[in-house]
Amino acid sequence: MLNRQNYRYADAFGAGALIFASSMIQDHGWQDFLHDPWYPFTYGAWFLIALFFSLRRAGREAKEGHPPRPLTRVLAYYAAALLVFLALPGTAGRLVLAALSLGNFFNPPVPLPQRA
């Protein structure tokens, strides 16, 4: 069960899964996105797992009363990652994706207002 203390671990896992997925896409193309006989999980599955954890966190933050920024941040992050997949091949794309992942990881949610 995820709670506030280990949201960061879910973010780190999602960032790692996304970097792994991008590396596989850039090395092998899109033909094995959801079917790969050599891995127990395809890189498409890792991408979807990362997206699931990020959306789950954003949903919980929204449920706790945070502004709608978390969901917008998740959607912008994955849209930017998809553009990196398509536009920047090789090491440059991996470096940009790592920078995006670090920015997403160290960008905490907006704190809730304290009630007096």
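The opening position of the sequence shown corresponds to residue 1436 in the numbering used here, with each subsequent residue numbered one higher.
Even glycine gets a Cβ: it sits at the ideal position worked out from N, Cα and C.
- Within the same chain, Cβ atoms closer than 6 Å to the Cβ of Ala-1515 are found at Leu-1535, the five residues on either side in sequence being excluded.
- Going by C-alpha positions, Arg-1529 is about 25 Å away from Arg-1491.
- Between the alpha carbons of Leu-1521 and Ala-1527 lies a distance of about 12 Å.
- Here Phe-1488 is buried: its Cβ has 16 or more other Cβ atoms, across all protein chains shown, within 10 Å.
- Shown here, Glu-1496 sits in a helix according to DSSP, grouped into three states.
- Separation of Val-1519 and Leu-1506 (C-alpha to C-alpha, rounded to the nearest whole angstrom) is 20 Å.
- By the neighbour-count criterion, in which 16 or more other beta carbons inside 10 Å mark a residue as buried, Leu-1532 falls on the buried side.
- If you ignore the 5 residues before and after Val-1509, its C-beta comes within less than 7 Å of the C-beta of Ser-1489, Leu-1490 and Ala-1493, all in its own chain and listed in chain order.
- Closest option to Ile-1484, judged by alpha-carbon separation, among Ala-1452, Leu-1517 and Leu-1523: Ala-1452.
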